[in-house]
Every structure is written in C-alpha cells, then in structure tokens.
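The numbers in numbering that gives the first Met the number 0 rise by one with no breaks, and the one at position 267 of the sequence shown is 266. Contents: one structure, followed by commentary.
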Amino acid sequence: MLTKRAQRHRENGQCIPGVMRRDPLVHAFMPPTPSGPQSPPSSTLGTWAIQNARIYPSPDAPPVERGCILIRTGRVVDVGADVEIPLGTPTMDVDRRIVTAGFWNAHVHLSERKWAGALRRPAAELNGFFSDMVLSRGFTTVADTGSDPRITLRIRRRIESGDVIGPSIYTAGSGIYPPKGIPYYLEGTLPWYASWFIPQPSSPAGAVRAVERNIARGTDLVKLFTGSYVQRGVVRPMPLPIARAAVDAAHAHHQLVFAHPSNFEGTRVALESGVDILAHAPDAPQGIDGEFLRRVVASRMAMVPTLKMFRTTVSSDRGYLQPIYEVVRRFHELGGELLFGTDVGYMTDYSTEGEFLALAECDLDWREILRMLTEGPALRFSATDSGVIAPGKRADLVILDSDPSRDVRAFARVWSTVRRGQVLWRQS
Ligand SMILES: [Zn+2]
0 MLTKRAQRHR
10 ENGQCIPGVM
20 RRDPLVHAFM
30 PPTPSGPQSP
40 PSSTLGTWAI
50 QNARIYPSPD
60 APPVERGCIL
70 IRTGRVVDVG
80 ADVEIPLGTP
90 TMDVDRRIVT
100 AGFWNAHVHL
110 SERKWAGALR
120 RPAAELNGFF
130 SDMVLSRGFT
140 TVADTGSDPR
150 ITLRIRRRIE
160 SGDVIGPSIY
170 TAGSGIYPPK
180 GIPYYLEGTL
190 PWYASWFIPQ
200 PSSPAGAVRA
210 VERNIARGTD
220 LVKLFTGSYV
230 QRGVVRPMPL
240 PIARAAVDAA
250 HAHHQLVFAH
260 PSNFEGTRVA
270 LESGVDILAH
280 APDAPQGIDG
290 EFLRRVVASR
300 MAMVPTLKMF
310 RTTVSSDRGY
320 LQPIYEVVRR
330 FHELGGELLF
340 GTDVGYMTDY
350 STEGEFLALA
360 ECDLDWREIL
370 RMLTEGPALR
380 FSATDSGVIA
390 PGKRADLVIL
400 DSDPSRDVRA
410 FARVWSTVRR
420 GQVLWRQS
C-alpha cells in the first residue's frame, strides 16, 4: 500500500522517495559533449536512478509506465513502477522518454585509417570517433568482425582502463580468406605487401594456425570469408576442409565464428562447416531456396542482414535488393535468428535509420527488431548479464526520444546511452 506522498510521486512519474534531489546532482552523470573537451564520467561506483520513463525491460515484456530504474556500481538494482529510492539518491528525470537495454551492433569494423596510432592518439579524439559511430546510435556493445588486432586490442584496453569513452568490444582480429581470396574492394585500401600478412590458408593446418595466432593475440571471435568477391560478380568459396578446420579450432576455444557468405556456395560452406553467424545476408542469393533456408534455420546459424550496407555501397537498384530482402524475409518466417548489425567502419555512413526501415520492409515488427538489438545477441554471445533490464544485470541502457512501437525509426533517435551505469553520451 503506497502512502499518500508516495502515491503523489507515482502520479508525477517519480520514483518513490525518501527526499528527492533532481537536477543538481544529475550533473555528476552528465557526459562530455561530443564536440567539446572530453573526459570520462566521474564514477561508476555511485548510486543513481532514472525516473519518469516508459521502460521496455525486454522484447517480450509489457512496458512499465512512469517507471524507475535504480542503478548501483554499474548494475541495475531494481526496475519498475514502484521502486523505492534511498534518501538523497541523485535522479535523472527523462520526461517519459523510452528506455530499453543497451543496443548491440553485431557487425562493425574499427578499420578506418583514423583508428591507427591507437596508443598515441589523445583520448578526446578517440572519444569523438566512438561518439559519432557507436554511442550516439545507442550501441553499448559492438562485435568488430575484422580489423588490425594490434590496433583494436589497444583501443579496447584504453576503454577498459577508463581512459577512453567507448563501448564493450568483441573483436575477430584479422579476417581469414580463401587461398588468393582477398576481396577486390579491399585492394585499394591495403598496402601492396598485405597479401603476406593477411591469412589466406591453403590447408586445414594453415587455417588452424591462423585462428590460433589471432586468439593468442587476445581476439574473441573468428571471421571467415566463406565466399569472397575476388572480382566484381566473381565469388571464390573457401574450400570446405579449410573452413571446417577453422571452425573446429575456434569452437575448441569456445569462440563464435562469423562468415561472409556472398552467394549460395559461400553460404553452403558456412552451413556445412558449422559457422555460427552469417555476417551478411547473401547478396547473390540465386539457388538459395526454401528447402536450403530450412537447413540453415535447423542448424541454428544466425544472420546479420546488413541491408543498408548493400543499398549504400553496392546498388540501390530494386532488382538487386529485392532478392536479398526476400531471403531475409523467408529466413525470418521460418524462425531463423536475426541479429542487428550495420557494417559501419566499412560503410562510412553511420546512421542507423535506413537499416531499421529495411528490416521493417522484411516484415519485422518493432519487438523483433528490439530482440535483434538486445536480448538476441546477448544470448548468442553468452553475455548472460546483458540484453534485458532486470535486477543484477549490467546497467547498459538506451534512452530514446520517441517510441519505436509507433515507428521503428525511433530506434535511431537516441537521447542518451548508458554503459555499466555511466552516461557515456547524451544529445546536446
Ligand atoms: Zn564487414
């Protein structure tokens, strides 16, 4: 039974207080603005609360109206409409904005030239890159599916030490290619001697060595080009025994394997070698029929569609895009698991709205998209303390300006991003 005072607070969308203090202390959690001088937020150890929010705790749960989230030492302590807040706890009134679990982007690359020199670059510069590409889009966790591990691992260490403001990062390090199988579209971006150090194993033993070399450096995913565009319109598949050896080596280390499939043959090699996640929908899907997709779904291989990337970097021609959308639609209808990812870093347009619209065109509703962004990848990556808003889970949160249940473009209208209880980005 609520006291009259508590009842009054509930009606105003506030948490049930001792004594509420509002704006002054919220300041302690204000993030640096993306354009100004930047330093990490003051503390992850504090207790604070979000109040007056419409909360979607998970993709399936009904919304909590005028809800509160109590956060302590980077974790959610309590969430709901009747959360009791200790006296003097700083609160952030979000004015009925929408709060969901932090988003995952399961396909990014930290491979643009700007990331080089990761040890020497001033933190403020790296903060600006992350704010633009990742945090202002609501991503609290990213999977880097191919970059120079020497750079990415250094950046990750700087984030984990608190020096740089960024997301949680999983990385695949160097991608692994078929023999003589470096994609033609990378050639202009690589030095002439690249083919000496980019792994293109010609035997199963070579594939195992390539996987283990990455893992020894500290990477946590494996990325295979099971179908590589060696020329425009020409796909070179990875020989199946090589792909199988790489997948087995990764699985022996409990690592997930991503594959770049391109066409039917590249998808078949991924399926038959035991790959876990297709990093793209196949974009030359001739031969991929319902029967084949049923096998893919039965194998539990997930897919990151990256539909906007095809439209912006290959062609906006409907004749090219529609067959790709049809594969995603059928895969989804058959119960296949989709994960959200955009391929930013390869694609230099970082905005996410186009991907949400393309997914809606493939008949995904907003709850299914929320699952792709949150609970789905958290389960797939065995990050069991992430993906939903619940007591004991990581306080990785996104605050949206408007409600995605009315319009999926709202997923792109981020007001603030919170990772492990720290406000890392907020709309200026
Ligand atoms: Zn990519």
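In this text, a Cβ means the ideal position worked out from N, Cα and C, and glycines have one as well.
If you follow the alpha helix (DSSP H) that Asp-364 is part of, which residue opens it and which one closes it?
-> Careful: Asp-364 lies outside any alpha helix (DSSP H) and carries neither H nor E.
Asp-143, enclosing beta strand (DSSP E) - first and last residue = Per DSSP, Asp-143 belongs to the beta strand (DSSP E) from 138–143.
Indicate, with yes or no, if ligand 1 has a heavy atom lying under 8 Å from the CB of Tyr-345.
-> Tyr-345: yes, Cβ under 8 Å from ligand 1.
Classify Leu-306 as buried or exposed, calling it buried when 16 or more other Cβ atoms lie within 10 Å of its own Cβ.
-> Taking all protein chains shown into account, Leu-306 has 16 or more neighbouring C-beta atoms within 10 Å of its C-beta and is therefore buried.
Is the CB of Arg-235 under 9 Å away from at least one CB in chain B?
-> Absent from the structure: chain B. Only one protein chain is present.
Do the stretch 101–118 and the stretch 131–146 meet, that is, are 3 or more Cβ pairs less than 8 Å apart?
-> Output reads yes: the stretch 131–146 touches the stretch 101–118.
If we count the other Cβ atoms within 10 Å of its Cβ and call it buried at 16 or more, is Tyr-183 buried or exposed?
-> With fewer than 16 Cβ atoms within 10 Å of its Cβ, Tyr-183 is classed as exposed.
Tell me whether Gln-254 sits in a helix, a strand or coil according to DSSP, three-state version.
-> Judged by DSSP in its simplified three-state form, Gln-254 adopts coil rather than helix or strand.
Taking only heavy atoms of ligand 1 into account, decide whether any of them is closer than 8 Å to the Cβ of Thr-446.
-> Any question about residue 446 goes unanswered here, given that the chain covers just 0 to 427.
Nearest to Arg-112 by alpha carbon, out of Met-300, Arg-329, Phe-128, Ala-122?
-> Cα-wise, what sits closest to Arg-112 is Phe-128.
Minimum length 4: unbroken alpha helix (DSSP H) runs contained in the stretch 287–366 | Runs of the alpha helix (DSSP H) inside the stretch 287–366: 289–297, 317–332, 352–360.
Any non-hydrogen atom of ligand 1 closer than 8 Å to Ala-280 Cβ = Remark: the C-beta of Ala-280 is outside contact range of ligand 1, defined as less than 8 Å to any heavy atom.
Alpha-carbon to alpha-carbon, Ala-389 and Lys-222 | C-alpha separation (whole angstroms): 32 Å.
Between the Cα of His-250 and the Cα atoms of Val-268, Asp-275, Met-237, which residue gives the shortest distance?
-> Just measuring C-alpha positions, the residue of Val-268, Asp-275, Met-237 sitting nearest His-250 is Asp-275.
Rank Arg-153, Ala-245, Thr-88, Leu-86 by C-alpha distance to the C-alpha of Trp-114 and give the top, closest one.
-> Nearest to Trp-114 by C-alpha distance, out of Arg-153, Ala-245, Thr-88, Leu-86, is Arg-153.
May I ask you to report which of helix, strand or coil DSSP gives Thr-170?
-> Thr-170 falls in the strand class under three-state DSSP.
Would you mind sorting Arg-317 into buried or exposed? The rule is 16 or more other CB atoms within 10 Å of its CB.
-> For Arg-317, the number of other beta carbons within 10 angstroms of its own is below 16, and it is reported as exposed.
If you compare alpha carbons, which of Ser-415, Val-234, Glu-352, Arg-419 is closest to Ile-430?
-> Because the chain is modelled from 0 through 427, residue 430 falls outside the range shown and cannot be assessed.
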